[in-house]
């Protein structure tokens, strides 16, 4: 396939320039003679070269060197959510960990408490204080029964707690006692074992990764001086050490809070960098988890996170290299391409423009691009100040910036303005290891019942392991078979059909201050009990049953547009990533995926059914 440029001559301006592409086509269905390329007269090749202008010299050279001047500004501030305060951006943590990690209030479970308590017993035995194990287990006991109904109905969870209760101490309770210097007193350590117990506790805190106790007053102490200087005032209490939300072995957010927006079922976070002249604030809205990249961020003008200037001036001379890829068409007639890749075999429909663009680029514009290998640090925003290219004839060309209409790799603006003329390199993990979901909730619409439902398929048990609620509810819902000689009517009337316990209804209703805004509110499902009044079920998953540490249930109301007709799937799973410095980061994150369409609960009213 060749391309020839043919301008149309005109007498009056403005002129019109068109391009005609010559595509040779065979007249026969058999392509074998065309592929053979048999030639009877060698002058035919010279005529074709003359026709295509290959004998005419071109006053254009290939690029041999490029001088790049760039400014690299590192991101130094981070803000989770739309209203939280900004904090310093850690340098050695992937951004997925910062944004997705879950708070200790919902991520902690008894398995971590048991495993950390078991390690404490090992260290006490190694230090020669193993006889303190019964007293430690009695002072900080592990509950013998699960605290929630889903875990109580799971045989593995019940068996795990029965084995651990009385044999292993509760690690979190012991950690708080060590932080408050209550451990030695509450356990009743004798004087002979005092040194060994303290050494074992110090080794245990080091194993847990507890940060060192701060030596000075907490930050913001001077702001509390009026209370100190007032009559009868006392010194402000230091914050708890370790922090109240500290959880060993995995990453949790600090005082800045979590970036998860519960009712929107998505993350929102912002980062900021300063280049010495202006601050660049990028906001990631509607991030649903799994993979954070540069296109999730939009420029937010008029906002500040008080970022400090951290800029590097980069000037490098680079060697341009032609871009090559597997199966790229060769520029000469007698040169054969890689037979393993057939770009012509890529199928594309009439409306599949993106695929046709890719095929056209691969077949037509093969050798029109060069690559400049400029290495940049991750977690930075780079602005190219100048790009000077030198060709083989010594000519220098100053390459201008791409116009805004073709700047596809620049962050867009949330205010409708222009794009930011920077290249964003987020400090994200190259790959993560994901566990099987420890929780799965499906959201969908039931048009027959005029309701939306949250279906708990998998919930997190008290020990952190996933529990299959669908199978659990199915086993519990099997009714007892009536006796053969019982006088049972052939038909039965029901005011309303029953719905599985793991189906949580979401009722549409207007908000209090905006009657025109509809939200889907979680309503307790009244399930009949064997003894006593019906029990209100709000769900056992931590995606729905969001409770504070004091047990208070937080209201849940989804905006109507967040539960589309196709529905959605919410997952909670563990993720593990290794950073560039070799450190390992483990966190519990959430992700939202597309659903599988409408659902049917089978809810009906005033029904008569055969038994």
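Residue numbers (my numbering): 12 to 622.
All residues carry an ideal CB built from backbone N, CA and C; glycine is no exception.
Keep in mind the model is a prediction, meaning the values are calculated, not measured.
Beta-carbon gap between residue i and residue j smaller than 9 Å
| i | j | result |
| --- | --- | --- |
| residue 600 | residue 111 | yes |
| residue 392 | residue 284 | yes |
| residue 434 | residue 394 | yes |
| residue 369 | residue 357 | yes |
| residue 107 | residue 567 | no |
| residue 180 | residue 151 | yes |
| residue 87 | residue 289 | no |
| residue 266 | residue 190 | no |
| residue 531 | residue 514 | no |
| residue 160 | residue 594 | no |
Nearest-angstrom Cα separation, counted from residue j out to residue i
| i | j | result |
| --- | --- | --- |
| residue 502 | residue 516 | 28 Å |
| residue 389 | residue 307 | 16 Å |
| residue 143 | residue 612 | 55 Å |
| residue 210 | residue 128 | 16 Å |
| residue 483 | residue 467 | 11 Å |
| residue 511 | residue 448 | 21 Å |
| residue 8 | residue 174 | Limits of the chain in this structure are 12 at one end and 622 at the other, which puts residue 8 out of reach. |
| residue 45 | residue 362 | 31 Å |
| residue 477 | residue 264 | 23 Å |
| residue 485 | residue 572 | 31 Å |
| residue 550 | residue 79 | 58 Å |
| residue 165 | residue 302 | 33 Å |
| residue 84 | residue 136 | 52 Å |
| residue 309 | residue 603 | 21 Å |
| residue 445 | residue 583 | 10 Å |
| residue 574 | residue 456 | 7 Å |
| residue 438 | residue 591 | 10 Å |
| residue 519 | residue 527 | 12 Å |
| residue 396 | residue 82 | 7 Å |
| residue 479 | residue 380 | 53 Å |
| residue 384 | residue 334 | 11 Å |
| residue 440 | residue 589 | 7 Å |
| residue 31 | residue 63 | 13 Å |
| residue 71 | residue 404 | 8 Å |
| residue 565 | residue 101 | 31 Å |
| residue 184 | residue 305 | 42 Å |
Sequence-distant residues of its chain with Cβ nearer than 7 Å to residue i (five each side left out)
| i | result |
| --- | --- |
| residue 608 | 577 and 578 |
| residue 618 | 505 and 508 |
| residue 130 | 215 and 218 |
| residue 140 | 204, 207, 208 and 211 |
| residue 199 | 146 |
| residue 688 | The structure shown does not extend to residue 688, since the chain spans only 12 to 622, so no value can be given for it. |
| residue 277 | 297, 298, 299 and 603 |
| residue 324 | 82 |
| residue 222 | 253 |
Same chain, Cβ closer than 8 Å to residue i, five either side skipped, listed in chain order
| i | result |
| --- | --- |
| residue 621 | 501, 502 and 503 |
| residue 407 | 399, 400 and 401 |
| residue 610 | 453, 455, 456, 457, 464, 466 and 578 |
| residue 367 | 359 |
| residue 242 | Confidence at residue 242 is low in this model, with a pLDDT of 45, below 50, so the placement of that residue is unreliable and no value is reported for it. |
Own chain partners of residue i with C-beta closer than 6 Å, once the 5 adjacent residues on each side are dropped
| i | result |
| --- | --- |
| residue 373 | 354 |
| residue 615 | 508 |
| residue 597 | 261 and 587 |
| residue 162 | 168, 472 and 473 |
| residue 18 | Confidence in residue 18 is poor, its pLDDT being 46 and thus under 50, which makes the residue's placement unreliable; the coordinate value appears in the next sentence. Result list for residue 18: 28, in chain order. |
| residue 90 | 97, 281 and 316 |
| residue 291 | 284 and 392 |
| residue 176 | 153 and 155 |
| residue 37 | 45 |
8 Å contact criterion, which residue i and residue j should meet: CB distance rounded
| i | j | result |
| --- | --- | --- |
| residue 521 | residue 529 | 6 Å |
| residue 214 | residue 134 | 5 Å |
| residue 279 | residue 93 | 6 Å |
| residue 387 | residue 436 | 6 Å |
| residue 523 | residue 425 | 28 Å between Cβ atoms; not a contact. |
| residue 287 | residue 326 | That belief does not hold up - the Cβ atoms of residue 287 and residue 326 are roughly 16 Å apart, past 8 Å. |
| residue 415 | residue 553 | Not quite, the Cβ-Cβ distance comes to about 44 Å (not below 8 Å), so this is no contact. |
Meets three-Cβ-pair contact criterion under 8 Å: the segment 62-81 and the segment 323-337: Proximity of the segment 62-81 to the segment 323-337 meets the contact definition, three or more beta-carbon pairs being nearer than 8 Å.
contact_flag[the segment 424-432, the segment 119-126] where n(CB pairs < 8 Å) is 3 or more: Output reads no: the segment 119-126 does not touch the segment 424-432.
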